[in-house]
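Single-structure report; data block below.
Next comes the structure, spelled out in structure tokens:
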């Protein structure tokens, strides 16, 4: 959607990004700055539990939908309060196939290998929440999920499928390493992208220092 107020955009206008997932939603508001830095202005998250409340017909109950709508209204208020003045759809994508809906939280190696044997064409989504431990936000929102077991099973299945898989462990990071250890995540991610695109690796792959 777009707001009614007319506003001439600038490269340094605040930008809000909203992500609605199966278990939680999040908003991050940042302002682009010189040198590629992103200055974070505000952020918030909300427990949605959309997948947990699904019944066997695959329908989301009205109560769960209202939780998501309330979260979106809160996210919009945060964005407006941080200076965002225009709202618009930004390439919403959906998957073509879904796996693990009723196994999420307990995806073992056998389940992973079974999924890889029948992946269809297009975009597939697998419900899983791997992490090194169930603590903090994960303990509050998904106390009965076996996060560490899912991580071990996912890595073992990937090792079978990709013999030369490189596993990078980031001490102290949990389910949200891109926020908890940004530099440690960005450096290998940039290296991986360059290996796929054939881009030169002669320059440093170190990301900008966080602001």
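Numbering (the numbering used here), first residue to last: 60 to 270. Beta carbons: idealized from backbone N, C-alpha and C, even for Gly. Just so you know, these numbers come straight off a predicted model, no measurement behind them.
Proximity to residue i [Cα-Cα], best of the options
i, options, result
"residue 187", "81, 72, 76", "81"
"residue 97", "76, 109, 106", "76"
"residue 207", "194, 200, 217, 218", "194"
"residue 90", "100, 246, 83", "100"
"residue 107", "83, 144, 223, 178", "83"
"residue 88", "132, 250, 138", "138"
"residue 167", "212, 220, 236, 180", "212"
"residue 179", "134, 249, 227, 155", "155"
"residue 227", "247, 160, 221, 200", "247"
"residue 162", "217, 251, 185", "185"
"residue 216", "231, 85, 204, 189", "189"
"residue 71", "86, 252, 92", "92"
Residue range of the beta strand (DSSP E) that includes residue i
i, result
"residue 98", "97-106"
"residue 203", "Taken as a continuous stretch (DSSP letters only), residue 203 belongs to no beta strand (DSSP E), as it is neither H nor E."
"residue 79", "74-79"
Counted within 10 angstroms of its Cβ, other Cβ atoms place residue i as buried (16 or more) or exposed
i, result
"residue 94", "exposed"
"residue 209", "buried"
"residue 164", "buried"
"residue 118", "exposed"
"residue 109", "buried"
"residue 134", "buried"
"residue 158", "buried"
"residue 86", "buried"
"residue 130", "buried"
"residue 170", "buried"
"residue 250", "exposed"
"residue 254", "exposed"
"residue 177", "exposed"
Neighbourhood of residue i by C-beta distance below 6 Å, restricted to the same chain and skipping five residues each side
i, result
"residue 142", "73"
"residue 232", "239, 240"
"residue 172", "216"
"residue 264", "Residue placement at residue 264 is flagged as unreliable, the pLDDT there being 42, under the threshold of 50; the coordinate-derived value follows with that caveat. These residues qualify, in order along the chain: 246, 249, 250."
"residue 79", "none"
"residue 103", "86, 137"
8 Å Cβ shell around residue i - same chain, five flanking residues per side excluded
i, result
"residue 236", "229, 243, 244"
"residue 269", "Here residue 269 scores only 42 on pLDDT, less than 50, and its place in the model should not be relied on; the value that follows carries that caveat. The residues are 241, 242."
"residue 202", "193"
"residue 200", "82, 83, 106, 108"
Extent of the continuous alpha helix (DSSP H) run through residue i
i, result
"residue 86", "No alpha helix (DSSP H) holds residue 86; the beta strand (DSSP E) holding it covers 83-91."
"residue 129", "121-140"
"residue 247", "241-256"
Contact set for residue i: own chain, Cβ-Cβ below 7 Å, skip 5 residues either direction
i, result
"residue 214", "226"
"residue 69", "none"
"residue 224", "217, 218"
**OP:** Let me know the alpha helix (DSSP H) ranges lying completely inside the stretch 142-185, each 4 residues or longer, listed in chain order.
**Re:** As far as the stretch 142-185 is concerned, its whole alpha helix (DSSP H) runs of at least 4 residues are 168-176.
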